[in-house]
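Working notes for the structure below.
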Amino acid sequence: MRISRGGFALREHAIVRIHTNSGLTGLGEGIGNASQIISSLNNFVGISALDFSVSSSDAWKRHWFQNPTYFEQLGTVAAAVSAVEMAMWDAFAKHLDQPCYRVLGGSGPVSLTAYASDIYWQENIEAIQREASRIASLGYKAIKAHLGVLPPREESRRVRALREALGDDIDLMIDLNCGYNLREAKEAIGRWHEYQLFWLEEPLLPEHNHLISNLKSSANGVPIAVGENTFSAADFAQLAVNQSVDVLMPDVGRVGGISSLRDIAAVGQSLGRLVSPHNFSSGILLAATAHVMGSSHNMTLVEVDTSGNAIYDELLDVGWRLGDGELVVSDAPGLGVVLPEAVIQRDCVSSKVIGE
Numbered sequence: 060m061r062i063s064r065g066g067f068a069l070r071e072h073a074i075v076r077i078h079t080n081s082g083l084t085g086l087g088e089g090i091g092n093a094s095q096i097i098s099s100l101n102n103f104v105g106i107s108a109l110d111f112s113v114s115s116s117d118a119w120k121r122h123w124f125q126n127p128t129y130f131e132q133l134g135t136v137a138a139a140v141s142a143v144e145m146a147m148w149d150a151f152a153k154h155l156d157q158p159c160y161r162v163l164g165g166s167g168p169v170s171l172t173a174y175a176s177d178i179y180w181q182e183n184i185e186a187i188q189r190e191a192s193r194i195a196s197l198g199y200k201a202i203k204a205h206l207g208v209l210p211p212r213e214e215s216r217r218v219r220a221l222r223e224a225l226g227d228d229i230d231l232m233i234d235l236n237c238g239y240n241l242r243e244a245k246e247a248i249g250r251w252h253e254y255q256l257f258w259l260e261e262p263l264l265p266e267h268n269h270l271i272s273n274l275k276s277s278a279n280g281v282p283i284a285v286g287e288n289t290f291s292a293a294d295f296a297q298l299a300v301n302q303s304v305d306v307l308m309p310d311v312g313r314v315g316g317i318s319s320l321r322d323i324a325a326v327g328q329s330l331g332r333l334v335s336p337h338n339f340s341s342g343i344l345l346a347a348t349a350h351v352m353g354s355s356h357n358m359t360l361v362e363v364d365t366s367g368n369a370i371y372d373e374l375l376d377v378g379w380r381l382g383d384g385e386l387v388v389s390d391a392p393g394l395g396v397v398l399p400e401a402v403i404q405r406d407c408v409s410s411k412v413i414g415e
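Position one of the sequence shown corresponds to residue 60 (the numbering used here), numbered consecutively onward.
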């Protein structure tokens, strides 16, 4: 899977399973460097979680994000805290015998419009076109491609080829994965806006997000989407207000978990910004994202990985349906996810039990 800044040949997932004294379990997932997240969980984050009830997720987050002398609000620790928070919501909703979206205030049934995030950079442009046609044949009306390996002039051939393969009736997003500088991003928009991009995602490095307002002034109407490398509701508010970001893309496995994603949706609504969560990992992250979206009025377009390279279907409990560009959310209690023993035996590379 090649993107602008490199890519990877192996997918790794940092998954947490909590056990309550009453016999319930909950699953969560942290997004980032899986080995580092697991190290944080094993050595300090997971240990401190043993002192909390699954009904006290807000207190759990304050314990890590507000109480320490040295704040731990970003990066690996935030991802580890998010994983535990997610698992707490899963177990708490099971305790209430309700799907998580109902506990969050939503009403069912929940059906979400999905877009496919599964076109990666290839040298062979015809191969990219074939991949685009394959995904479109699955019924998706919005598809995202990861480009930016080459300069904008050369990548124009791929953007044009994608638009030709998809036609005018399918929305096309381009994700640069923070691969361009400001000048290159401006050039990309100037060359690509004729292909009617639904949005241009993560054009700049996170530390250069203060330049997005400059980029936006020459965006030719192309919406800018940013957020998978942003960690707090306050930071998302700054993106919306100061940098004129059109689409906020928080990741529930990084921002502090389920209640934080809901907070960011409220920020987006108050500032008139669309919220479309970043969601690229296992079925656990998909489920958590979908449940929050199902309880919100300001989130749309659930991101779906159609590559077959993630543990998706095997972790989804009964009731989930994905087809023709729609995701139907399960009504099973909690997040509606499972961790089969067969998956653990086949895929687990390291594990630790905390609290025995």
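Glycine is no exception: its CB is placed at the ideal position from the N, C-alpha and C atoms.
> Using a Cβ-Cβ cut-off of 7 Å (strictly less than) and excluding sequence neighbours within five positions of Thr135, which residues of its own chain qualify?
Replying inline: Gly91, Asn92, Gln95, Ile96 and Ser99
> Sorted by chain position, which residues of the same chain lie with C-beta nearer than 6 Å to Trp123's C-beta, five sequence neighbours on each side aside?
Replying inline: Glu131 and Val140
>> Could you tell me which whole beta strand (DSSP E) segments of length 3 or greater appear in the segment 324-370?
In response: 361-363
> Can you list the beta strand (DSSP E) stretches of 3 or more residues lying completely in the segment 146-194, in chain order?
Replying inline: 170-178
> With Tyr129 and Gly384 assumed to form a contact (beta carbons below 8 Å), what rounded beta-carbon distance in angstroms separates them?
Replying inline: Incorrect: roughly 45 Å between the Cβ atoms, too far for contact.
> Buried or exposed: which applies to Gly164, given that a residue is buried once 16 or more other Cβ atoms fall within 10 Å of its Cβ?
Replying inline: exposed
> Where does Asn357 land, buried or exposed, given buried means 16+ other C-beta within 10 angstroms?
Replying inline: buried
> What three-state label does DSSP hand Gly134 in the structure shown?
Replying inline: helix
> Going along the chain, which unbroken runs of the alpha helix (DSSP H) with 4 or more residues stay wholly within the segment 211-261?
Replying inline: 211-225 and 241-251
> Cα-Cα, which of Arg321, Val169 and Asp156 is closest to Asp117?
Replying inline: Arg321
> Is the beta carbon of Asp294 sitting closer than 8 Å to the one on Leu333?
Replying inline: no
>> Any contact between the segment 398-411 and the segment 106-115? By contact I mean 3 or more CB pairs, one from each, below 8 Å.
In response: no
>> Taking only three categories from DSSP, how would you classify Gly105?
In response: helix
> Shortest alpha-carbon distance to Ile202 belongs to which of Met232, Ser114 and Ser303?
Replying inline: Met232
> Which first and last residues belong to the beta strand (DSSP E) in which Glu88 is found?
Replying inline: Thr84 to Gly89
>> Is it buried or exposed, His53, if we count other Cβ atoms within 10 angstroms and call 16 or more buried?
In response: Residue 53 lies beyond the residue range present for the chain, which begins at 60 and ends at 415; the question has no answer from this structure.
>> Quick check for students: name the residue ranges of the beta strand (DSSP E) that lie wholly in the segment 376-409, counting only runs of 3 or more.
In response: 380-382 and 385-387
>> Checking the sheet assignment: what are the DSSP bridge partners for Arg76?
In response: Leu86
> Could you give the distance in angstroms between the alpha-carbon of Ala284 and the alpha-carbon of Ala137?
Replying inline: 22 Å
> Which residue from Gly414, Glu362 and Gly280 puts its Cα closest to that of Glu253?
Replying inline: Gly280
>> Is it the case that the segment 75-85 contacts the segment 142-159, given that we only count it when at least three CB pairs across the two stretches are under 8 Å?
In response: yes
> Between the segment 207-218 and the segment 190-199, do three or more beta carbon pairs fall short of 8 Å?
Replying inline: no
>> Can you find the residues in the same chain that come closer than 8 Å, C-beta to C-beta, to Val377, ignoring five residues on each side of it along the sequence?
In response: Ser389, Ala391 and Gly395
>> Taking the alpha-carbon of Phe290 as reference, which of Ala278, Asn301 and Met308 has the nearest alpha-carbon?
In response: Met308
>> According to DSSP, Val285 sits in a beta bridge with which residue or residues?
In response: Leu307
> Is the beta carbon of Gly89 sitting closer than 8 Å to the one on Gly393?
Replying inline: no
>> Among Asn183, Leu69, Gly353 and Arg212, whose alpha-carbon lies nearest the alpha-carbon of Ala324?
In response: Gly353
> Starting from His122 and walking both ways along the alpha helix (DSSP H), at which residues does that stretch end?
Replying inline: Ser116 to Phe124
>> Rounded to whole angstroms, what is the Cα-Cα separation between Val311 and Glu287?
In response: 9 Å
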